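Student:
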Amino acid sequence: FNPLNSFIWFELFGEPTDRDVDLLGGVIQAWYVMGRLGAFNSSNLQLANSMLEYDPSYDSDQACAVMPSSFHDISDVEFQDNWARVWVDLGTSDYLGLDVLLNCLSQLSSEHLGIKQVVFGGKKMGDWEEGMTSSDYGYKHFKI
């Protein structure tokens, strides 16, 4: 998996409905916005590393002293049959963002949309047909 130029693939248990496309697309879009704004920076986990039973404080100067961490780019989410994919350039963010995504997808899968597996990297999964954009053949997409 190359975090600067890779697909993330999602195998669903069945072909997604329009609602399923919106749900998975919405999760990916929210994840991207948070990543673009620098949310996934494990160098600045001040409250996670503090004792929360006391009065927690956030040091803005400390936050400014760490290297910025943000996603660079993402594609729309594409769907063909029971597969979905999104291309990502995670930029300077670290793998904390992938953990957060997997946590969201676990909950999404168990409560709303069955996700069989998530695959990081790879050029082709299942019967994916590159360049196919006809809804007559099962293609759908979610605009990021």
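Be aware that the sequence shown starts at 146, since it is given in our numbering, and climbs by one per residue. Every residue gets a Cβ at the ideal spot worked out from N, C-alpha and C, and that includes glycine. Note that this is a predicted model, so its numbers are computed, not measured.
Mind checking Ser238: buried by the 16 CB within 10 Å criterion, or exposed?
Tutor: In the sequence shown, residue 238 corresponds to position 93, counting from 1. Classification for Ser238: buried.
Student: So, does the stretch 246 to 258 touch the stretch 211 to 227, judging by three or more C-beta pairs under 8 Å?
Tutor: With the cut-off at 8 Å, the stretch 246 to 258 and the stretch 211 to 227 do not touch.
Student: Pull the bridge partners of Val263 from the DSSP assignment, please.
Tutor: Within the sequence shown, the letter at position 118 stands for residue 263. BP columns for Val263 point to Phe155.
Student: Cβ of Gly159 within 9 Å of Cβ of Asn227?
Tutor: Residue mapping note: residue 159 aligns to position 14 of the sequence shown, counting from 1. Residue mapping note: residue 227 aligns to position 82 of the sequence shown, counting from 1. Going by C-beta atoms, Gly159 is nearer than 9 Å to Asn227.
Student: Please list the terminal residues of the continuous alpha helix (DSSP H) segment that includes Val211.
Tutor: Here residue 211 refers to the residue found at position 66 of the sequence shown. It is not in any alpha helix (DSSP H) - Val211 carries neither H nor E in the DSSP assignment.
Student: Could you check the C-alpha separation between Ile219 and Gly242 for me, to the nearest Å?
Tutor: Along the sequence shown, one-based indexing puts residue 219 at 74. Along the sequence shown, one-based indexing puts residue 242 at 97. Each residue's Cα considered, the two are about 14 Å apart.
Student: Just mark Glu275 as buried or exposed, buried being the case when its beta carbon has 16 or more other beta carbons within 10 Å.
Tutor: Locating residue 275 in the sequence shown gives position 130, where the first residue counts as 1. It counts as exposed.
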